[in-house]
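The opening residue of the sequence shown carries number 5 in the numbering used here; numbering runs sequentially from there. Report on the following structure.
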Amino acid sequence: MSLAVTLPLLAGALALGIPDASADSAPGARDALQGTKPAWATATADQGATSDSGKVSVRVHLAGRDAKGLAAYAAAVSDPKSPSYGKYLSPAQAQARFGATREQIDRVSTWLKSSGLTVTGADQHYVSATGEVAAAEKAFSTQLRNYRKGSRTYRAPASTASVPAALGDVVLAVSGLDNAPHTSRHDDVLPPPDDVFRNSGPFSSYYGSRTASSLPKAYGSKVPYAVKGYTGKQLRAAYGAGSYTGKGVTVAITDAYASPTIAKDAAEYAKRNGDAAYRRGQLRQVLPDAYTKTEECGASGWYGEETLDVEAVHAVAPAADIVYVGGASCYDDDLLDSLNKVVDHRLADIVSNSWGDIEANQTPDLALAYDRVFMMGAVEGIGFYFSSGDAGDNVASTGTKQIDVPSNSAWVTSVGGTSLAVGKHDTYQWETGWGTLNAPLAADGRSWTGFPGAYSSGAGGGTSSTVKQPSYQRGIVPDSLARANGKTRMRTAPDIAAVADPNTGFLVGQTQTLPDGSLGYDEYRIGGTSLAAPVIAGIQALVQQAQHGRPIGFANPAIYARYHSKAYHDVTDHPLGARRDLAVARVDFANGYDAADGLKTSVRSLGKDASLSAVRGYDDVTGVGTPAAGYVSSYRRR
């Protein structure tokens, strides 16, 4: 955008009485962008200054108008006790009230150009620019240096970046000053490799239908074989779907990339497993013009994630429309673009997201950019649901107890995971928190080696180190959790839960590379909180139908308002008694697809999630619990 274009817009803005922030700012004054210096950029890790001629690509995220007003309105329309509850804005109204103006975009663009950077793009969310390190240092008033992070060296600001005080109310955050990967992973367990993945069996068709009578006992008794994989009929019965189908509701799914066979696979899966056939246009995709970083992000692994999400939503809410919005990569900027598309065009009422990263990898400035999307969605009546993670407290995988992002945001619904027992005639039996210990069968077949075994995976949860406790958690989340990191009460995850354990998981169907090298459709059991998230999204579609199509919006205040009611199963790790531990037997192909290289037999203990525990009341594995038969009907408008 040229200066010639900018000047008339500035004149028009001033004529309308929009204040010029520069009028109240001393020359040379700066506003800090807190959180732009990452925690890993320490003096001991310092490897020296970054070359002035190195290249930098930045994205300056815009705060829009009335940031405080946006947060206040998002809270009011989401609170069942507020007179503004449910009084949502259209995308045009939200943009006119809270969005960035053309004048603000031009002011930021002009400043970046004056610093020697080249503006490469601009919209209502951000201005992007590229240039040499020296120009970026001038623009953001910080030196860029190289730092060791793990086994790699990355660039990062040596001090907190800042912007001219005249732009302090316009600029929300900046990303790209550090070049460490800001990526997300998909939260499924046993993601399908490029080659076919199959479960061996024997299986149970429902929980407990087939006992592993020839295998050793576990916890004093013979255990059942793992289920083949639950279907929509079983999940709908377990979580009280009743006659609701999600008719009239649209669920969006965001992931990176896009499966080229999703429509065919979803249709075949529905046909084979008793789900309703897709209507014309019921499933559609909104995709970027091009993809990037396909090898770095493992693009093909995301195909299985999309397939799981689509098939799980349709299984639970068979009449809901589904729109898949794919990111150009697994990097934060591209995933933010996907989320913004949903909000800008109001593509859906409910958004399921089965991806994330650990809290230590998210800088506070990126958290602000995500929260702005979530708040803009809230004022439009759009709710975001994020999987809580698949590594429990993350100690085993990172060495540090922490929760996942963006699941830690106070503006999203964090979805935890359970092990689910659905019995004969699709009856709900019980759930435990999802946490797995794995012990292999001894060589002589007479015992389990190292029983109960090593921790392998479990639902993410715990206490945030960066996000303060939101009002809807007050008086519900125990202080032993809320204050786990100090005296201040902090955001605790998850908020709600559903089935996630891959040993009591969901059957999914996908085109894969078969052993002979050809492509073909195959089915396998899968789990992870990336199963729990679309299951909850599907249930929320039923809720919206139950209240005659009125959008739920940001759901957490309503979810917590139903705490200690018949709306939830209060999940514990010992549903059959304090002394009754639970487990299943599982047999897998050693090579992942046939018995040519032998079988691997193991026992998988349930309800053993690292340091996290599912207990009576709110807990850091399942939140308030899982939807019960009364959950959907509790929203029904009378």
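Backbone N, C-alpha and C fix where the C-beta goes; we use that ideal spot for every residue, glycine too.
Could you give the DSSP three-state label for residue i: helix, strand or coil?
i, result
"Ala319", "helix"
"Arg111", "helix"
"Gln238", "helix"
"Ser484", "helix"
"Glu363", "helix"
"Ser208", "strand"
"Arg106", "helix"
"Phe593", "strand"
"Tyr248", "coil"
"Asn507", "helix"
"Ala126", "strand"
"Tyr229", "strand"
"Val399", "helix"
"Gly308", "helix"
"Val200", "coil"
"Arg101", "helix"
"Asp35", "strand"
"Asp499", "coil"
"Leu445", "strand"
"Val137", "helix"
"Pro169", "A small correction: the amino acid at residue 169 is Ala; Pro does not occupy that position in the sequence shown. Helix."
"Ser460", "strand"
"Asp408", "strand"
"Ala222", "strand"
"Val314", "helix"
"Ser6", "Since pLDDT at Ser6 reaches only 31, below the 50 mark, its modelled position is unreliable, and the value read off the structure follows with that caveat. Looking at Ser6 - three-state DSSP - the assignment turns out to be coil, as it is neither helix nor strand."
Going by DSSP, name the residue or residues bridged to residue i.
i, result
"Met494", "Lys472"
"Gln514", "Asp526"
"Asn150", "Gly52, Arg159"
"Thr576", "Note: Thr576 sits in no beta bridge, so no partner."
"His190", "Trp359"
"Gly387", "Ile354"
"Lys604", "Asp592"
"Val131", "Val64, Ala126"
"Trp452", "Leu445"
Would you mind reading off the limits of the alpha helix (DSSP H) that contains residue i?
i, result
"Gln544", "533 to 550"
"Asn560", "560 to 565"
"Glu299", "298 to 301"
"Pro368", "368 to 383"
"Val346", "336 to 348"
"Gly73", "71 to 82"
Quick check: what's the CA-CA separation for residue i versus residue j?
i, j, result
"Ala382", "Gly439", "32 Å"
"Ala271", "His318", "10 Å"
"Val547", "Ala414", "22 Å"
"Thr436", "Gly103", "44 Å"
"Ser209", "Pro579", "21 Å"
"Ser145", "Ala274", "56 Å"
"Leu523", "Glu384", "42 Å"
"Gly39", "Val64", "14 Å"
"Ala502", "Ser163", "43 Å"
"Tyr248", "Lys41", "49 Å"
"Ala357", "Pro561", "Per the sequence presented here, residue 357 reads as Asn, with Ala not at that position. Rounded to the nearest angstrom, the two C-alpha atoms are 20 Å apart."
"Ala395", "Gly542", "24 Å"
"Val253", "Asn489", "40 Å"
"Ala364", "Asp336", "14 Å"
"Gln406", "Leu351", "33 Å"
"Ser88", "Ala80", "6 Å"
"Leu343", "Gln549", "23 Å"
"Ala27", "Leu171", "Here the model assigns Ala27 a pLDDT of 39, short of 50, so the residue's position is not dependable, and the following value carries that caveat. Rounded to the nearest angstrom, the two C-alpha atoms are 11 Å apart."
"Ser645", "Ser218", "This structure cannot settle anything about residue 645, because the visible part of the chain is limited to 5 through 642."
"Ala216", "Ala589", "7 Å"
"Val2", "Tyr374", "The requested residue 2 is not part of the displayed model; the chain covers only 5 to 642."
"Leu74", "Trp452", "56 Å"
"Ser460", "Leu441", "6 Å"
Could you pull the start and end residues of the beta strand (DSSP E) that residue i belongs to?
i, result
"Gly330", "325 to 331"
"Val426", "417 to 426"
"Tyr432", "432 to 437"
"Leu586", "Neither: Leu586 is in no beta strand (DSSP E) and is coded neither H nor E."
"Lys59", "59 to 66"
"Leu176", "175 to 179"
Start-end ranges of the alpha helix (DSSP H) lying completely within the segment 606 to 642, minimum 4 residues: If we require 4 residues or more, the alpha helix (DSSP H) runs fully inside the segment 606 to 642 come out as 633 to 637.
Whole alpha helix (DSSP H) elements within the segment 257 to 292, 4-residue minimum: DSSP runs (the alpha helix (DSSP H)) wholly in the segment 257 to 292: 266 to 277.
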